[in-house]
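All remarks here apply to the structure that follows.
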Amino acid sequence: MSSIEDDEVEVLIIGAGASGAAVAWSLASSGIEVLCLEQGGWTDPKDYASAHDDWELRATNISNPQPNVRNLPSDYPVNDKDSPIAPLMYNAVGGSTIFWSAHFPRFHPSDFKVKSLDGVADDWPISYRQLEPYFDKNDEIMGVSGLDGDPAYPPKSPRQMPPFPLGKGGQKLVDGFNKLGWHWWPSDAAINNSKYDGRAACNYCGPCNTGCYLGAKASTDITYWPKAISLGAKIVTNARVRELVVGKDGLVKGALYYDEDGNLQQQSAKLVVVACNGVGTPRLLLNSSSSMFPDGLANSSGLVGKNLMFHPYAAVTGFFDEFVDGYMGPQGISIISQEFYETDLSRGFVRGYSFQATAKGPGPRGAANSGGMTAGQASYIAWGEGHHDAFESKYGRTATIVVIGEDLPEEINTVTLDPELTDGDGIPAPKITYRMSENSLNMMDHGIKKAEELLNASGAIRITNNPLLRVAGWHLMGTARMGSDPSKSVVNEKGQAHDVKNLFIVDGSVFVTGAAVNPTSTIQAVALYIADQIKKEVTHL
Amino acid sequence: MYMDMDRGELRFFSEAQSALMESVLNQIIPSDDKYPAAGNLGLVAYIDKVMFDPIYLARHDKSLRRIFIEGMHQIEICAANKFQGAFVSLVSDQQIAVLKTIEEELPEFFNALITYTYNGYYTDYRILKICGAPTRPPQPLGHKLPDSDFSSTELVKSRGTIYKEVD
Ligand SMILES: Cc1cc2nc3c(=O)[nH]c(=O)nc-3n(C[C@H](O)[C@H](O)[C@H](O)COP(=O)(O)OP(=O)(O)OC[C@H]3O[C@@H](n4cnc5c(N)ncnc54)[C@H](O)[C@@H]3O)c2cc1C
Ligand code: SF4
Chain S
650 MSSIEDDEVE
660 VLIIGAGASG
670 AAVAWSLASS
680 GIEVLCLEQG
690 GWTDPKDYAS
700 AHDDWELRAT
710 NISNPQPNVR
720 NLPSDYPVND
730 KDSPIAPLMY
740 NAVGGSTIFW
750 SAHFPRFHPS
760 DFKVKSLDGV
770 ADDWPISYRQ
780 LEPYFDKNDE
790 IMGVSGLDGD
800 PAYPPKSPRQ
810 MPPFPLGKGG
820 QKLVDGFNKL
830 GWHWWPSDAA
840 INNSKYDGRA
850 ACNYCGPCNT
860 GCYLGAKAST
870 DITYWPKAIS
880 LGAKIVTNAR
890 VRELVVGKDG
900 LVKGALYYDE
910 DGNLQQQSAK
920 LVVVACNGVG
930 TPRLLLNSSS
940 SMFPDGLANS
950 SGLVGKNLMF
960 HPYAAVTGFF
970 DEFVDGYMGP
980 QGISIISQEF
990 YETDLSRGFV
1000 RGYSFQATAK
1010 GPGPRGAANS
1020 GGMTAGQASY
1030 IAWGEGHHDA
1040 FESKYGRTAT
1050 IVVIGEDLPE
1060 EINTVTLDPE
1070 LTDGDGIPAP
1080 KITYRMSENS
1090 LNMMDHGIKK
1100 AEELLNASGA
1110 IRITNNPLLR
1120 VAGWHLMGTA
1130 RMGSDPSKSV
1140 VNEKGQAHDV
1150 KNLFIVDGSV
1160 FVTGAAVNPT
1170 STIQAVALYI
1180 ADQIKKEVTH
1190 L
Chain F
734 MYMDMDRGEL
744 RFFSEAQSAL
754 MESVLNQIIP
764 SDDKYPAAGN
774 LGLVAYIDKV
784 MFDPIYLARH
794 DKSLRRIFIE
804 GMHQIEICAA
814 NKFQGAFVSL
824 VSDQQIAVLK
834 TIEEELPEFF
844 NALITYTYNG
854 YYTDYRILKI
864 CGAPTRPPQP
874 LGHKLPDSDF
884 SSTELVKSRG
894 TIYKEVD
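The structure is reproduced here in C-alpha cells:
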C-alpha cells in the first residue's frame, strides 16, 4: 500500500457512470468537494465503431456490450453461467451510458407502490411525486427528445426536443397499434434531435450501442461530467477500487484502489458514495468485509447482492414484403406501448410489461447471421442454394417488438463473489445466479402473443420470436435495496446505508422494484434526490 | 481490407487448404445471377486474416485456428470416405453432401465457418452495393429520415389516461 498520506476529501464517489456523474454534479454545484474513482478512462469518439469500415464486426468483439467478450483492461469478468440473461455494461467515464440506447422512459407513480396496489414485493419508501423535480432536472441536463402529452403518465415537464421520426417500419407499427386501439407513443430519448446544450444533433446513423461518434446521445461523460468538473469535481481514471475501509467508529474512512500501474493506493473521505451499478456495487460491498462487517459492508440484513432484477426481454420480429428503413435512426428508439402495463389478473400474471417497438433491423451482416432477427437470435440464414433469396426476403424488411417485463424481486436471484474468478487486479469477480419466475414466464408468453397480434395488424407477412434474449442484461437493479426497516433493506429512504451512516448508494442497486421500463431516467432522478439528502448529511459529519 | 490481399500473403491457410476453403466457401454462398460466390470473391483471405487479428476475432475465439484445422481435416476425411476423392475434385452435389455431414457432426466448426463467411461477405462493399446497403460506415455522414406525422397520437389521447394515480 502507498505510504503517502493522502488528502481526505469531503465526498468520494466510486464509479463515474450514469448515477455517479449526476451525484458529482449535484454535490459540486453546492460547493462540496468531490473526488470520483473510476476503473475505466475517458473514451474517444473517434474510436467508436460507427466511423470505421468494419463497424459491424467491431460490434461483435471490442465494441461488444458484454464485458466478457470485450475483455478490455478496464473490464472485470462476470460469471454468468448460472443465468439465462447475461449482464451488459461499459466501464469508463460515462459508465454504461457510453453504449446505451438512451431510451428514457420514467417509472410511473404506480411502480413505486406495487405492494399497496397488487400485494407483491414492497412499496418504495419514496414516491414519484417526491422524485418529480429530479426527473425534470435530469431531463434538462441529459436533453430529451419526445412528444408531450403521453396518457400513460401524469403530465411531464415539456420535452426539450421533438420526437424522432418513425421510419417506414415504425409507421407500419403505428398503423397496427391504431387499428387495435392500443396505446403507443413516440419514445422519450436522451438523444439530441436538434442541437442542444452545445452538443450536435443526431444524424440517424444507427448503431448507438457502440458509442455515439457525434455526441448527440447523452452519455454522462459529455453531459454531467463537463459541468461537474467545471464546478471543481475531480475524477481519477483507471482507478479500480478493491474495497472500502472502515474505522473503529464503524464509519467508512475511504477506499483502497489499484492505479493504472497496478499499485495499491488509498483515498480517504468524510463520506463515500457507491455508484458501481447493480452488479459492481454489491461486488464491492461484499469484498469490503472486515471484523466489524464479516458478511460484507452494510450487509447486516444479508440482502447485499440479493433481489437482482434485470427485466426479461422477449423479441418478436415481423417480416414485411418491402424495405422498411431498417438500419436508419437511433437503434433503440421509436415507439413505446404501455397497453399492458398495469395488473390485470385475468391475464395470468401480476404487474405487466411494455412494448418497445424499435422498427430497427440489423445490418446485412447481422441479418445474415441472425436470420433477420434483432438481438441474440442464433439461427443463420440457410447456406447453399436459395441463400440469396432467403437473404433478400429478410434484410431490411423487419420490425421488432421487444417485450420488457417487470421482474419482481426474489432473494434467490443474486450477485455473489465468485470463489475463483478474478479481474486483472486479482479482485474477486461477481457471479450471477438468476432464474425466471413463473410470473415472468407467463408475462413473456402473453407479451409475445400480443406482439404477434400487433405485427399481424401491421401487415407482417411472417413472424418469429425469441422468447428470452440472453444478451439483454442491460438493466441491473435491486441488489442493495432501499427501505425503512434495516432488517429488510440495505439503505434507508435517503440512500444511506442503515449500518454505516457516511455510506450512500445511488445506482440501480437501491431499487425496491424494477417496473417495466428502462431504468436510467429513474436511476438518475433517484441519484439526484439522494445527492440532496447527502447535502444535509455532510454538514453533520 | 482483405480485398487488397493476394494469395501470397496468406498466413494461416496452406496452398492446399486455401484451395479447399475456396471450394467450400463457393458452396456456402454460391453465385446466382446477381451475387458472386463467396470463394470467388476472395473470402479465404478474409478468414485467414480473422485468424490473427484481434479486432476481427472475438476475444473468446482463441481456439478458432484449432477448430478450423480440425474442420478442414474432417472435410477431407469425409470426402474420401463418402466419395473416394479430394473435396475439390468432387462434383457439386457430392460437395454439398459432405458439407451437410460436417454441419451435423461438427457443429462448432460449421457455426464458425458460417459466421466468418457471412461476416466477411456481408461487410464487403461489393456485396453491400448489390444488396442496396450503404457502402460506407454509418459515420460521419449518417442517414436521412423524413419527418413523421404524429397526428394520430390524438386518437391515443382521446381514449383518456391509462396510468394509476397513487399518492
Ligand atoms: C448496451 C446497453 C444499452 C442500454 N440501453 C439503455 C436504454 O436504452 N435505456 C436505459 O434506461 N438504460 C439502458 N442501459 C442501461 C444503462 O446504461 C444503465 O442503467 C446505467 O448506465 C446505470 O448507471 P449506473 O450509474 O448505475 O452504472 P454504470 O453507468 O454502469 O456505471 C458504473 C461505473 O462504475 C465503475 N465501477 C464499477 N466498479 C468499480 C470499481 N470497483 N472501482 C472503480 N470503478 C468501478 C464502472 O467502470 C462504471 O463506469 C443500457 C445499457 C447497455 C450496456
Ligand atoms: S443514431 Fe444518432 S444518437 Fe445513435 S449513434 Fe448515431 S448519431 Fe448518435
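Quick mapping for you: the protein sequence lines, in order, are chains S and F.
First residue of the first sequence: 650, per my numbering; consecutive thereafter.
First residue of the second sequence: 734, per my numbering; consecutive thereafter.
Built from N, CA and C at the ideal position, the CB exists for glycine as well.
Ends of the beta strand (DSSP E) at residue i?
| i | result |
| --- | --- |
| leucine 893 of chain S | 889 to 895 |
| cysteine 685 of chain S | 683 to 686 |
| serine 891 of chain F | Counting along the chain, serine 891 of chain F falls outside any beta strand (DSSP E), though it belongs to the alpha helix (DSSP H) covering 886 to 891. |
| threonine 1169 of chain S | From DSSP, threonine 1169 of chain S is part of no beta strand (DSSP E) but of the alpha helix (DSSP H) over 1169 to 1187. |
| glycine 903 of chain S | 901 to 907 |
| serine 986 of chain S | 984 to 986 |
| lysine 876 of chain S | Not the beta strand (DSSP E): lysine 876 of chain S falls in the alpha helix (DSSP H), residues 873 to 879. |
| arginine 1111 of chain S | 1111 to 1115 |
| isoleucine 884 of chain S | 883 to 885 |
Going by DSSP, name the residue or residues bridged to residue i.
| i | result |
| --- | --- |
| valine 1051 of chain S | S:Ala964 and S:Gln1005 |
| phenylalanine 1153 of chain S | S:Val922 and S:Gln1145 |
| glycine 672 of chain S | Per the sequence shown, the amino acid found at residue 672 of chain S is valine instead of glycine. Paired residues: none, contrary to the question. |
| alanine 838 of chain S | S:His752 and S:Ser794 |
| lysine 866 of chain S | S:Ile840 |
| glycine 1122 of chain S | S:Pro736 |
| methionine 1191 of chain S | Residue 1191 of chain S lies beyond the stretch modelled for chain S, which goes from 650 to 1190, so this question has no answer here. |
| glutamine 617 of chain S | The requested residue 617 of chain S is not part of the displayed model; chain S covers only 650 to 1190. |
| asparagine 728 of chain S | S:Lys1080 |
| isoleucine 662 of chain S | S:Cys685 and S:Val922 |
| valine 1140 of chain S | S:Met1131 and S:Ala1146 |
| tyrosine 845 of chain S | S:Arg848 |
| methionine 810 of chain S | S:Ser794 |
Using the beta-carbon of each residue, which ones in chain S are nearer than 8 Å to residue i?
| i | result |
| --- | --- |
| histidine 806 of chain F | What histidine 806 of chain F touches in chain S: nothing, since even the nearest Cβ is about 20 Å away. |
| leucine 861 of chain F | Pro1013 |
| valine 899 of chain F | Pro758, Ser759, Phe761, Lys762, Ser765, Leu766, Ser776 and Tyr777 |
| proline 763 of chain F | Gly1033, Glu1034 and His1036 |
At a CB-CB cut-off below 9 Å, which residues of chain S make contact with residue i?
| i | result |
| --- | --- |
| aspartate 781 of chain F | Result: empty, since nearest Cβ-Cβ is about 15 Å, beyond 9 Å. |
| proline 840 of chain F | Correct list: empty, because the minimum Cβ distance to chain S is about 11 Å. |
| threonine 834 of chain F | Going along chain S, no residue has its Cβ under 9 Å from threonine 834 of chain F, so there is no contact; the nearest lies around 13 Å. |
From which residue to which residue does the alpha helix (DSSP H) around residue i run?
| i | result |
| --- | --- |
| threonine 1065 of chain S | Here threonine 1065 of chain S belongs to no alpha helix (DSSP H); instead the beta strand (DSSP E) covers 1063 to 1071. |
| alanine 1017 of chain S | 1013 to 1019 |
| lysine 833 of chain F | 825 to 838 |
| lysine 764 of chain S | 763 to 767 |
| arginine 798 of chain F | 797 to 816 |
| aspartate 824 of chain S | 816 to 829 |
| methionine 1092 of chain S | 1087 to 1106 |
| alanine 752 of chain F | 748 to 761 |
| serine 1042 of chain S | 1036 to 1043 |
| leucine 1057 of chain S | No alpha helix (DSSP H) holds leucine 1057 of chain S; DSSP gives it neither H nor E. |
| glycine 772 of chain F | 771 to 774 |
| tryptophan 704 of chain S | 704 to 707 |
| asparagine 717 of chain S | 716 to 719 |
| isoleucine 860 of chain F | 858 to 863 |
Which residues of chain F have a Cβ atom closer than 9 Å to the Cβ of residue i, listed in chain order?
| i | result |
| --- | --- |
| tyrosine 1044 of chain S | Tyr855, Cys864, Gly865 and Ala866 |
At a CB-CB cut-off below 8 Å, which residues of chain F make contact with residue i?
| i | result |
| --- | --- |
| proline 722 of chain S | In chain order: nothing, as chain F lies at least about 12 Å away. |
| glutamine 820 of chain S | Ser881 |
Quick one: list the residues of chain S neighbouring residue i, beta-carbon separation under 7 Å, in chain order.
| i | result |
| --- | --- |
| valine 889 of chain F | Pro800, His832, Trp833 and Trp834 |
| serine 885 of chain F | Val823 and Asn827 |
| proline 769 of chain F | Ordered by position in chain S, no residue passes the 7 Å Cβ test against proline 769 of chain F, which lies about 10 Å from the chain. |
| glycine 875 of chain F | Asn852, Tyr853 and Cys854 |
| leucine 878 of chain F | Pro814, Gly816, Tyr853, Asp974, Met977 and Gly978 |
Just the chain F side, please: which residues come within less than 7 Å of residue i by C-beta, in chain order?
| i | result |
| --- | --- |
| valine 1139 of chain S | What valine 1139 of chain S touches in chain F: nothing, since even the nearest Cβ is about 24 Å away. |
Quiz prompt | the segment 1127 to 1137 of chain S in contact with the segment 712 to 729 of chain S per 3-pair CB rule at 8 Å | solution = no
Practice problem: State whether the segment 864 to 878 of chain S contacts the segment 825 to 835 of chain S, with contact taken as three or more CB pairs (one from each stretch) at a distance under 8 Å. | Solution: no
Exercise. Flag this pair as touching only if the segment 765 to 777 of chain F and the segment 842 to 858 of chain F have three or more C-beta atom pairs under 8 Å; answer yes or no.
Key: yes
Quiz prompt | Touching by the beta-carbon criterion (3+ pairs, under 8 Å), the segment 971 to 978 of chain S and the segment 1045 to 1055 of chain S | solution = yes
Quiz item: For the 8 Å Cβ check, are there 3 or more pairs between the segment 669 to 677 of chain S and the segment 847 to 860 of chain S?
Solution: no
Quiz item: Is the segment 1083 to 1093 of chain S touching the segment 695 to 706 of chain S in the sense that three or more CB pairs, one from each, lie closer than 8 Å?
Solution: no
Exercise. Report yes or no: do the segment 739 to 755 of chain F and the segment 932 to 944 of chain S share at least 3 C-beta pairs separated by less than 8 Å?
Key: no
Self-check item: Meets three-Cβ-pair contact criterion under 8 Å: the segment 1134 to 1147 of chain S and the segment 1067 to 1081 of chain S
Solution: no
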